[in-house]
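Numbering (our numbering), first residue to last: 11 to 548.
Using N, Cα and C, we set each Cβ at its ideal position, and we do this for glycine too.
The structure presented is a predicted model; accordingly, all values stated were derived computationally and were not measured.
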């Protein structure tokens, strides 16, 4: 089996029907032909970074690593942007890039050190060789999918001579777990039993170790309040009264993170990810960290105890061992939440706000729908006003906290779930980054609403500029008619500037036979001022 056939047949066996990139006349074209023969379709995009993000989200929804291709040099460098997004969002991705020759160390067109390009945002890299290609592919997929998802990179040197790479790699038993130390669990149980009001901070590793039910049982037994990592929305159902909010690493007063910790006497971190916090640990309360793997860094600076091992078994054992001393009263958790939520109230003098958009989404989105978002001045609204009850039904930027994510992530998600209801929420600045990808929605027959929150500025930075005492400058946009651009790409496009028009447009777009871009022109000043309130800058 030649290399292109090995790569694409393996992709098919893993459940992929699409792979992404910008074609070149060498290996990418060979891969396209191999994919065509077995119905793994190549999706060309406007920029390689989109290929990486779309492939990663597509792979994540298929429970494997997505596949993105690039030519050498600038193509590979562009793909690094997508790899970086995938790394920070913890999505599994295989990047396959042409590269310069291994046997010659000279300057040539499009030749650079691609190992250095991808180095800090990948868990595995290899230059493909004929004798090792099968094992290199197996390792790349294992490193991208085992535990916390990450990026693997396979470079194909220009002096690689193709031939028979062997049979498909064996991917059975790739995911392994570590059993916890019983003594460590007993020590943790003893310490937890002596606390009065425990605060849980919970990460997505709870989902990866299938420990959600065990988490709920431990929460109820101890009377804990629960915060979740940015990438762990829905791991603990947010309709439950012990859910307090999202932990982002914002320790300010007048935020849920700043207020809920005041009353706790022990913080218990369960499967948390140190990448999912803006700044290093600031709490001055004692902590215990329960992690899925001893190789993972702790989120808290100096936990009093650390327990490593399979979270499902660890939490189940802890629940059997601990003794509760009361915990938080539900009314207490709710009172703290309400004291913070008052800063998210709609400006009564505004015509059209993000709060209106959230209300319309709540009214129109079916219970099994998925919301896909990115960073923007609106993101805190969705972290506070949009409860998530099922893991995977809210895909917001987390470790990347990045612009330009919604459109490529929506492409990947939509191709994995063509018949599922999904809505993309982005902003004008992010959309300007990805305008060329609107054509992909049309070409691939994707049907979903894309809501563009349009304040004609870089709203988050406008708010930051004001809070730092600077005069406003350099952050406004020329008005862009996004609806017309969408129409020119073969999509539906509509512009709205009031709540009633928005809700009608959203309702119609959920029934439409192709993607509808809704250019939602909100009031500027309440939007900018609201961001400051949302981060406790009062």
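Using DSSP bridges, identify the partner residues of residue i.
i, result
"residue 211", "237 and 279"
"residue 107", "80 and 165"
"residue 135", "163"
"residue 432", "380"
"residue 538", "According to DSSP, residue 538 bridges with nothing at all."
"residue 7", "The structure shown does not extend to residue 7, since the chain is modelled only from 11 to 548, so the question has no answer here."
"residue 299", "279 and 316"
"residue 459", "526"
"residue 486", "467"
"residue 350", "Beta-bridge pairing links residue 350 to no other residue."
"residue 257", "239"
"residue 506", "530"
"residue 405", "382"
In whole angstroms, what is the alpha-carbon distance linking residue i and residue j?
i, j, result
"residue 193", "residue 324", "11 Å"
"residue 491", "residue 529", "8 Å"
"residue 462", "residue 104", "30 Å"
"residue 206", "residue 64", "46 Å"
"residue 446", "residue 99", "23 Å"
"residue 406", "residue 240", "8 Å"
"residue 377", "residue 249", "13 Å"
"residue 501", "residue 419", "18 Å"
"residue 97", "residue 132", "7 Å"
"residue 309", "residue 535", "36 Å"
"residue 498", "residue 448", "9 Å"
"residue 510", "residue 533", "15 Å"
"residue 468", "residue 414", "13 Å"
"residue 34", "residue 136", "20 Å"
"residue 200", "residue 219", "24 Å"
"residue 286", "residue 260", "11 Å"
"residue 46", "residue 39", "10 Å"
"residue 401", "residue 113", "48 Å"
"residue 301", "residue 288", "20 Å"
"residue 153", "residue 235", "34 Å"
"residue 230", "residue 57", "48 Å"
"residue 389", "residue 265", "14 Å"
"residue 160", "residue 107", "17 Å"
"residue 167", "residue 138", "7 Å"
Going along the chain, which residues of its own chain have a beta-carbon closer than 8 Å to the beta-carbon of residue i, five neighbours each way excluded?
i, result
"residue 471", "485"
"residue 190", "317, 318, 319, 320, 323, 324 and 327"
"residue 49", "22 and 27"
Between the beta-carbon of residue i and the beta-carbon of residue j, is there less than 9 Å?
i, j, result
"residue 352", "residue 363", "no"
"residue 278", "residue 271", "no"
"residue 217", "residue 245", "yes"
"residue 525", "residue 459", "yes"
"residue 144", "residue 178", "yes"
"residue 299", "residue 290", "no"
"residue 30", "residue 77", "yes"
"residue 360", "residue 473", "no"
"residue 66", "residue 102", "yes"
"residue 540", "residue 387", "yes"
"residue 44", "residue 14", "yes"
"residue 263", "residue 546", "yes"
"residue 62", "residue 91", "yes"
"residue 71", "residue 409", "no"
"residue 255", "residue 350", "yes"
"residue 395", "residue 348", "no"
"residue 331", "residue 226", "no"
"residue 55", "residue 450", "yes"
"residue 149", "residue 170", "no"
"residue 454", "residue 426", "no"
"residue 337", "residue 232", "yes"
"residue 16", "residue 176", "yes"
So, for residue i: in the same chain, excluding its five sequence neighbours on each side, which residues have a beta-carbon less than 6 Å away from its beta-carbon?
i, result
"residue 275", "205, 206 and 207"
"residue 211", "237, 257, 279 and 282"
"residue 140", "173"
"residue 385", "407, 411, 412 and 413"
"residue 251", "340"
"residue 398", "243, 244, 248 and 404"
Thinking C-alpha only, which one of the options is nearest residue i?
i, options, result
"residue 127", "142, 157, 163 and 155", "163"
"residue 86", "327, 59, 225 and 177", "59"
"residue 431", "382, 442 and 452", "382"
"residue 181", "74, 494 and 359", "74"
"residue 343", "284, 273 and 392", "273"
"residue 228", "214, 203, 243 and 215", "203"
"residue 477", "544, 424, 435 and 450", "544"
"residue 188", "452, 52 and 303", "303"
Output needed for residue i: all residues of its chain with C-beta closer than 7 Å, excluding positions within five of it in sequence on either side, in chain order.
i, result
"residue 83", "120, 121 and 122"
"residue 522", "457 and 502"
"residue 520", "374, 431 and 459"
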